[in-house]
Amino acid sequence: MSNDTQVVIVGAGPVGCVVALILARAGVAVRLLEAEPKLVQDMRGSTFHPPTLDMLDELGITPKLIEQGRVTPTFQYRDLDDGLIAEFDLTLLKDDTAHPYRLQCEQFKLTRVIAEMLAAYPHVELLFDARVVAITQTDSQTVVEYDTPSGPENIACKYLVGCDGSRSTVRKSQNFGFPGFTYDEHFVTVSVSEDISQIVPGMDDVSYISHPTEWCALIHVPQSWRFLFPVQAEISHQDSLAEGYLQQRMKRIAAYGADYSITHRTIYSVNQRVAETYRRGRVLLAGDAAHVNNPLGGMGMNGGIHDGINVAEKLVAVLNEGASDDLLDKYDRQRRPIAIEFVQTQSIRNKEMIEEADPAVRRQRQDDLRAVAGDRQRSIEMLLQTSMINAVRQSRSIE
Ligand SMILES: Cc1cc2nc3c(=O)[nH]c(=O)nc-3n(C[C@H](O)[C@H](O)[C@H](O)COP(=O)(O)OP(=O)(O)OC[C@H]3O[C@@H](n4cnc5c(N)ncnc54)[C@H](O)[C@@H]3O)c2cc1C
88 MSNDTQVVIV GAGPVGCVVA LILARAGVAV RLLEAEPKLV QDMRGSTFHP
138 PTLDMLDELG ITPKLIEQGR VTPTFQYRDL DDGLIAEFDL TLLKDDTAHP
188 YRLQCEQFKL TRVIAEMLAA YPHVELLFDA RVVAITQTDS QTVVEYDTPS
238 GPENIACKYL VGCDGSRSTV RKSQNFGFPG FTYDEHFVTV SVSEDISQIV
288 PGMDDVSYIS HPTEWCALIH VPQSWRFLFP VQAEISHQDS LAEGYLQQRM
338 KRIAAYGADY SITHRTIYSV NQRVAETYRR GRVLLAGDAA HVNNPLGGMG
388 MNGGIHDGIN VAEKLVAVLN EGASDDLLDK YDRQRRPIAI EFVQTQSIRN
438 KEMIEEADPA VRRQRQDDLR AVAGDRQRSI EMLLQTSMIN AVRQSRSIE
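Just so we're on the same page, our numbering is the position in the sequence shown counted from 1, plus 87.
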């Protein structure tokens with residue numbers, strides 16, 4: 088089996104798992120290498136956008152996510168001082184998608200669903216405790232070296248897809264540049280078991296609350312509500328996650344008479360970066376290994392899944408249907424500009440808007456949002472953009 092492996096995928100996060108499933112369904116022999124001893128219980132991403140749900144539906148995944156997630160057709164823009172500004176309703180997109188809503192479902196549920204599906208394919212190996220450390224490639228093959236608890240191993244394959252996240256060993260090993268920048272402040276996420284819609288009546292399941300320094304994205308996932316807010320770089324990680332500090336930050340967003348019951352807390356550094364290419368010979372990058380962005384708008388994993396589906400379909404065409412491997416350059420052409428022109432631009436703008444400090448600009452933005460929300464056609468145009476439907480259409484139109 089090992090000698091026949093056609094594709095090695097590094098990293099069993101959401102993107103690596105999606106790539107593996109598409110290759111598995113096409114009969115391609117795959118080895119999926121994951122550094123951790125089991126699937127990571129990653130709570131970072133929870134927003135699945137409509138086009139992602141449409142794509143995952145074709146793989147039989149979406150109903151299994153809906154069972155474990157929370158369907159949220161609307162979302163709100165709020166201001167910490169001024170309250171509700173505007174609400175948008177994704178059901179306006181019912182002619183553009185079979186899933187006119189966001190699904191809130193923690194990303195680890197996707198990897199679990201796919202891992203179970205992969206077990207049905209004898210030509211797929213999912214190996215844990217397998218940390219890739221080096222990659223070499225020639226004109227005809229790629230050799231992957233990885234560490235295991237019983238010592239180093241290696242495997243040759245035709246193509247390798249690096250889905251190993253933002254610190255990607257694959258990306259570094261092949262000297263892909265990763266230009267961009269890191270935000271000074273850190274981002275904290277805190278999950279609580281209280282129902283925020285009872286504490287702040289009318290608070291929507293997805294609410295973006297603007298403020299120059301204390302902005303917050305508030306998301307209702309099935310078993311909890313999650314606050315995401317910035318913490319200045321001068322505050323240590325330990326102080327940023329201290330109980331008293333978190334309680335005070337959350338109560339500023341949603342005033343509560345008692346202490347919140349915190350079920351989870353994490354702090355992140357956040358980058359805006361895109362790899363200078365997604366392909367070097369037989370090595371391809373997808374997901375966070377290829378691009379990273381701030382979480383406002385929930386586009387990192389979604390865009391990564393769109394990459395994963397695109398690259399996997401092209402690999403199937405090359406390996407099974409005799410397509411020229413120049414087709415893999417098209418993957419780079421179709422996906423990299425989307426990461427730069429759409430995801431980077433939109434996520435940077437989302438952050439600038441939610442933290443706008445100039446009161447006049449803030450007011451103007453609120454007026455603009457109210458005007459768009461009051462106009463059906465302008466709402467649809469905005470929702471096509473924020474739901475990533477435009478990004479997917481643009482990507483598919485590139486030759
Ligand atoms: C607070 C926060 C909230 C977010 N919310 C959203 C959201 O709502 N929607 C959204 O679309 N995105 C969101 N994101 C972004 C999202 O979490 C990432 O874009 C997503 O996890 C990328 O998936 P991936 O599979 O590319 O990489 P990862 O999820 O990072 O997975 C990489 C995998 O590779 C493994 N690995 C790493 N190195 C090696 C190695 N050398 N050998 C073998 N395996 C290795 C890791 O263990 C891991 O399992 C959020 C991010 C943050 C920080």
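For glycine and all other residues, C-beta sits at the position ideal for the given N, C-alpha and C.
Inter-residue Cα distance where the pair is residue i and residue j
i: V430; j: P236; result: 38 Å
i: S348; j: Q334; result: 9 Å
i: E193; j: G461; result: 32 Å
i: V277; j: G264; result: 33 Å
i: V370; j: L171; result: 47 Å
i: N241; j: S227; result: 16 Å
i: T92; j: M290; result: 50 Å
i: L388; j: R189; result: Residue identity differs from the one stated: residue 388 is Met in this sequence, not Leu. M388 and R189: Cα-Cα distance of roughly 13 Å.
i: L205; j: S484; result: 31 Å
i: L315; j: R420; result: 33 Å
i: E154; j: P446; result: 43 Å
i: A444; j: K438; result: 12 Å
i: A410; j: V459; result: 45 Å
i: L402; j: I109; result: 10 Å
i: Q464; j: T364; result: 37 Å
i: P299; j: F268; result: 20 Å
i: G156; j: R450; result: 35 Å
i: I296; j: R452; result: 13 Å
i: A304; j: T184; result: 25 Å
i: A362; j: Q261; result: 11 Å
i: V105; j: A113; result: 13 Å
i: Y270; j: Y208; result: 42 Å
i: G132; j: V115; result: 29 Å
i: L470; j: K259; result: 36 Å
i: N407; j: L152; result: 30 Å
i: I392; j: Q481; result: 16 Å
i: R436; j: G384; result: 10 Å
i: T198; j: V479; result: 22 Å
Beta-carbon separation (whole angstroms), residue i vs residue j, contact threshold 8 Å
i: V257; j: V219; result: 7 Å
i: I306; j: V293; result: 6 Å
i: M130; j: F215; result: About 20 Å; that fails the 8 Å criterion.
i: A107; j: V211; result: 6 Å
i: Q319; j: E272; result: 6 Å
i: Q163; j: E145; result: No, Q163 and E145 are not in contact; Cβ-Cβ is about 31 Å, not under 8 Å.
i: Q224; j: G390; result: Between G390 and Q224 the Cβ distance is about 26 Å, and since that is not below 8 Å, they are no contact.
i: T161; j: Q191; result: The Cβ separation is near 12 Å, so there is no contact.
i: T394; j: R422; result: A small correction: the amino acid at residue 394 is Asp; Thr does not occupy that position in the sequence shown. That pair is a contact at about 5 Å.
Beta carbon of residue i nearer than 7 Å to that of residue j
i: L414; j: A404; result: yes
i: G238; j: A376; result: no
i: S434; j: N380; result: yes
i: T229; j: L213; result: no
i: S327; j: V279; result: no
i: H186; j: D141; result: yes
i: I474; j: P150; result: As written in the sequence, residue 474 is Ser, which differs from the Ile given in the question. For S474 and P150, no; Cβs fall outside 7 Å.
i: V102; j: V117; result: no
i: A202; j: L120; result: no
i: A217; j: Y233; result: yes
i: R339; j: E301; result: yes
i: S466; j: L167; result: no
Heavy atom of ligand 1 within 6 Å of residue i beta-carbon
i: L120; result: yes
i: T159; result: no
i: R218; result: yes
i: V127; result: yes
i: A304; result: no
i: C192; result: no
i: D251; result: yes
i: R422; result: no
i: R366; result: no
i: Y347; result: no
i: M290; result: no
i: V370; result: no
i: T432; result: no
i: S133; result: yes
i: Y343; result: no
i: G114; result: no
i: N389; result: yes
i: Y355; result: yes
i: G238; result: no
Chain C contact for residue i (CB, 7 Å cutoff)
i: L214; result: Reference to chain C is not applicable here, since this structure consists of a single protein chain.
Minimum length 4: unbroken alpha helix (DSSP H) runs contained in the region 200-233: none
Taking only runs of the beta strand (DSSP E) that begin and end inside the region 370-443, which ones reach a length of at least 3 residues, in chain order? 370-372
Residue ranges of each beta strand (DSSP E) run of no fewer than 3 residues wholly in the region 308-375, ordered along the chain? 311-318, 349-355, 358-361 and 370-372
Complete runs of the beta strand (DSSP E) confined to the region 132-195 [at least 3 residues]: 157-159, 161-166, 170-176 and 189-191
Alpha helix (DSSP H) runs contained entirely in the region 229-309, provided each spans 4 or more residues: 256-260 and 283-286
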